Amino acid sequence: MDGTIAQRVSELDADSTEVAEDAQYALIARGPEVLDEVMAATPGLGRFGQLCAIEVFTALNDPRPADVLIGLLVSDCDTVRQWAAEALAKLGIRRAVPALRRAHEAFRRRGEAPDHSEGAALRRSLTALGAREPVLPARAAALRAASADPDPVWPTVHLAEAIEDLAVHGQAVLDFQVWQRRGDGTFGYHPGPGIDWDVDRRKPWAEIVAHCRDWALLAAEATDRAPDLVAAIDWIDASDL
């Protein structure tokens with residue numbers, strides 16, 4: 040083992056987050072030669088060290104850490120589980136689908152709110168890997184903005200209409216984020232209306248859909264409208280609960 044690599048890998052678990060992040064960037068800069076050492080160390084790292092390791096795996100864009108990432112889906116830390124799921128999707132690890140499904144089922148059994156970041160990450164990852172098909176009605180699909188990103192976004196001027204169409208087709212809107220299109224075609228975060236709502240899983244699905252629709256429309260009404268503003272909507276089907 041290269042002594043420099045070994046030192047940097049050990050620093051991923053440093054008490055100082057600054058030291059750990061410096062080690063992460065140094066490992067990424069070394070390239071794929073660090074993967075074997077980082078993979079071997081990851082299961083024994085602490086929470087922050089594992090998050091740094093996941094960042095290394097994602098940045099190097101190499102599928103070899105697949106088994107390590109799949110193992111992290113059962114971590115005691117929800118953020119580690121979330122980041123592992125996202126990394127598996129970014130790396131295109133199709134064989135992770137059964138483990139992701141088990142992780143999603145475990146998430147649902149725990150009774151977590153569906154808009155929790157872990158649940159959203161698991162749904163997105165399953166979708167990205169072709170194991171989940173979101174319900175996107177024709178009218179809402181037609182209102183989407185043109186974007187190179189695979190996740191759909193809607194011009195904020197059409198946000199309310201898209202929300203209505205999703206609800207008509209039995210989809211519960213959990214939230215949305217507003218983004219501003221830059222001159223180079225990329226997007227930057229734009230402050231939204233700051234209106235949040237909860238989902239009461241005990242209610243009948245039709246009531247959940249109506250509740251989410253009403254709150255989402257209220258939030259849409261308070262959202263800025265401009266040609267360069269788009270919204271990314273997070274919604275679920277009854278099967279996601």
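The numbering used here puts the first residue of the sequence shown at 40, with every later residue one more than the last.
Idealized CB from N, CA, C, for every residue including glycine.
Please read these numbers as outputs of a predicted model, since none were measured by experiment.
Do residue i and residue j have their CB atoms nearer than 8 Å?
i	j	result
Arg-163	Ala-201	no
Ala-105	Ala-135	yes
Leu-108	Ala-98	no
Pro-176	Ala-184	no
Val-238	Pro-153	yes
Gln-219	Asp-267	yes
Leu-74	Asp-117	no
Asp-263	Asp-235	no
Trp-244	Ala-277	yes
Leu-165	Leu-130	no
Tell me which residues share the same chain as residue i and place their Cβ nearer than 6 Å to its Cβ, disregarding the 5 neighbours each side in the sequence.
i	result
Arg-252	Ala-206
Ala-191	One point to set straight first is that residue 191 is Pro, not Ala, in the sequence displayed. Taken in chain order, the residues that qualify are Arg-183.
Ala-255	Ile-202 and Val-212
Ala-62	Arg-47, Glu-50 and Leu-51
Ala-258	Pro-232 and Ile-234
Met-78	Pro-104 and Val-107
CB-CB under 8 Å to residue i, same chain, minus the five flanking residues each way: which ones, in chain order?
i	result
Met-40	Per-residue confidence for Met-40 stands at a pLDDT of 45, beneath the threshold of 50, marking its modelled position as unreliable; no derived number is given.
Ala-45	Glu-76
Lys-242	His-250
Glu-151	Glu-157 and Gly-158
Val-119	Arg-86, Gln-89, Leu-90, Ile-93 and Leu-111
Ala-142	Leu-112, Val-113, Arg-120, Ala-124 and Leu-161
Glu-59	Looking at the sequence shown, residue 59 is not Glu but Ala. Counting only Cβ-Cβ distances below 8 Å, and skipping sequence neighbours, we find Glu-50, Leu-51, Asp-52, Ala-53, Phe-87, Gly-88 and Cys-91.
Pro-189	Ala-167
Gly-70	Leu-99
Pro-230	Val-217
Alpha helix (DSSP H) containing residue i: first to last residue?
i	result
Asp-61	56-69
Arg-38	With the chain running from 40 to 280 in the structure shown, residue 38 is simply not present.
Leu-74	74-80
Which residue marks the beginning of the beta strand (DSSP E) containing residue i, and which one marks its end?
i	result
Ile-202	Careful: Ile-202 lies outside any beta strand (DSSP E), inside the alpha helix (DSSP H) at 198-207.
Val-217	211-220
Asp-273	268-275
Ala-227	Note that residue 227 is Gly in the sequence shown here, rather than Ala. First-last of the beta strand (DSSP E) with Gly-227: 226-229.
Leaving out five residues before and five after residue i in sequence, what residues of the same chain have Cβ atoms less than 7 Å from its Cβ?
i	result
Asp-204	Pro-176, Arg-178 and Ala-179
Thr-81	Gln-89, Ala-92 and Val-107
Arg-221	Gly-227
Phe-146	Glu-157, Gly-158 and Leu-161
Ala-261	Pro-232 and Ile-234
Leu-84	Leu-51, Asp-52 and Ala-92
Notebook entry, point to check: So does the stretch 240-249 actually touch the stretch 209-229, counting three or more Cβ pairs closer than 8 Å?
Noted result: Yes, the stretch 240-249 is in contact with the stretch 209-229.
Item checked: Uninterrupted alpha helix (DSSP H) stretches inside the stretch 119-185 (no shorter than 4 residues) -> Segments of the alpha helix (DSSP H) lying fully in the stretch 119-185: 136-148, 156-167 and 177-181.
Next item on the list: Count the CB pairs spanning the stretch 163-173 and the stretch 192-199 that are closer than 8 Å, and state whether there are at least three.
Entry: Taking a cut-off of 8 Å for Cβ pairs, the stretch 163-173 and the stretch 192-199 do not touch, as fewer than three such pairs fall below it.
Notebook entry, point to check: In chain order, which continuous runs of the alpha helix (DSSP H) of length 4 or greater are located wholly inside the stretch 84-108?
Noted result: Look at the stretch 84-108 and you find these whole runs of alpha helix (DSSP H), each 4 residues long or longer: 86-99.
Margin query: Check whether the stretch 48-57 and the stretch 87-101 are in contact - that is, three or more C-beta pairs closer than 8 Å.
Written below: Three or more beta-carbon pairs drawn from the stretch 48-57 and the stretch 87-101 are found closer than 8 Å, and the two stretches are therefore classed as touching.
Margin query: Taking contact to mean 3 or more Cβ pairs, one atom from each stretch, closer than 8 Å, check whether the stretch 222-234 and the stretch 258-271 are in contact.
Written below: Enough Cβ pairs lie closer than 8 Å, so yes.
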